[in-house]
Each structure stands twice: as structure tokens, then as C-alpha cells.
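As C-alpha cells, then:
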């Protein structure tokens, strides 16, 4: 056997600890990428639900991944507004009536996994048609936690773009 600490791989062949660590880091990296893709798909599905006006409280892409204690924090520089899931959905429904052309266009996503049980999806998007004829930049952080093996959205923090 070669000198140094040894472990046994699945095929029974000995491996140096550094090889086991590298294999573990590769697996961890792959899991993080898979989780990031999953969470970004949830965020995209929520934007699609908004754009298709499918934002029912009981069953929709927007709500099916939210926790019961979900909160949305809207923080334009002049106002800090906090709302529950129901209040957020009600505000969106009012927007749909006031500005029927309103839609979200995602321009960038970036995900950070924190300790395997927490995650943040950083989102840049444009709000088209709110008000009519305007395109406004927005930024948001979608905060997820892993509850009973499932990733759940517990908070969204958003603000309009600041120049």
C-alpha cells in the first residue's frame, strides 16, 4: 500500500484521503448545482404563474413551494412594506386589474446554498407594463429553507432598481 491515510472506495480499491475528499467535494458541488437548478426553476415557475395569472392560494406554482409563515418585504427607498402570502397575491391581483399588460421578465438568477438547509436566489427582473408603457428594473432575493426534505420559500425581499 502507498504511504499515507487510506480509505476504501466502492470498488474495494484503496484510495488516499485526498482522493476521497476530492470525490466528496465533487459530489457536494454536483448536489449544490442540482439544488440551485431546482430552486431557480421554482422562481421561474412563479414568474410564469404571475405572467399567466395563475396565482391561486391553494394550488399554484406561486404558492405550492411557500411556507405558511411566508413574508414579502418590498423595500423601495421611501417605504418598507411587509406582506403575507395572501396580501402579496391580493396586491398582484390588483396590479393585473390596474395594469393588464403587466408581466415579469427575468434577466438574471444566481443561487447561493448555505449549509445545505438554507438558500438565496438572487433575481434581477424587469416589470413590463406597470405602469403601462414602462419597463422598470427590479431586484429580489428569494429565501428558501429545507423543511422535512423539501425546499420551501419563506421570504422574498424586493426593491426597484436604483440608479
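In the numbering used here, the protein residues as written are 19 to 181. All residues carry an ideal CB built from backbone N, CA and C; glycine is no exception.
For residue i, count the other beta carbons within 10 Å of its own beta carbon; 16 or more makes it buried, fewer makes it exposed. Which is it?
i, result
"residue 153", "exposed"
"residue 73", "buried"
"residue 64", "buried"
"residue 107", "buried"
"residue 112", "exposed"
"residue 132", "exposed"
"residue 166", "exposed"
"residue 70", "exposed"
"residue 115", "exposed"
"residue 47", "exposed"
"residue 83", "buried"
"residue 44", "exposed"
"residue 160", "buried"
"residue 81", "buried"
In terms of DSSP beta bridges, what is residue i paired with?
i, result
"residue 168", "165"
"residue 68", "Answer by DSSP bridge pairing: none, since residue 68 is not bridged."
"residue 119", "According to DSSP, which records beta bridges pairwise, residue 119 is partnered with nothing at all."
"residue 155", "144"
"residue 130", "138"
"residue 178", "156"
"residue 186", "Nothing can be reported for residue 186: it is not among the residues displayed for the chain, which extend from 19 to 181."
"residue 48", "Note: residue 48 sits in no beta bridge, so no partner."
"residue 86", "Looking at the DSSP assignment, residue 86 forms no beta bridge with any residue, so it has no partner."
"residue 173", "89, 161"
Quick test of your reading: residue i and residue j, contact by CB under 8 Å. State the CB separation rounded to the nearest angstrom.
i, j, result
"residue 126", "residue 142", "4 Å"
"residue 177", "residue 102", "So it is not a contact: roughly 19 Å between Cβ atoms."
"residue 170", "residue 135", "Contact flag wrong, Cβ pair sits at about 11 Å."
Do residue i and residue j have their C-beta atoms within less than 7 Å of each other?
i, j, result
"residue 175", "residue 91", "yes"
"residue 129", "residue 49", "no"
"residue 137", "residue 156", "no"
"residue 146", "residue 117", "no"
"residue 86", "residue 78", "no"
"residue 89", "residue 158", "no"
Verify the contact flag: residue i, CB atom, against every heavy atom of the ligand MN, threshold strictly below 6 Å.
i, result
"residue 71", "Judged by which ligands are present, the structure shown has none, so any question about the ligand MN falls away."
State yes or no: is the beta carbon of residue i nearer than 7 Å to at least one beta carbon in chain D?
i, result
"residue 92", "Among the chains of the structure shown, chain D does not appear; only one protein chain is present."
Can you tell which of the options has the C-alpha that lies nearest to the C-alpha of residue i?
i, options, result
"residue 51", "139, 150, 103, 172", "139"
"residue 150", "170, 120, 135, 160", "120"
"residue 61", "105, 122, 135, 164", "122"
"residue 124", "109, 104, 59", "59"
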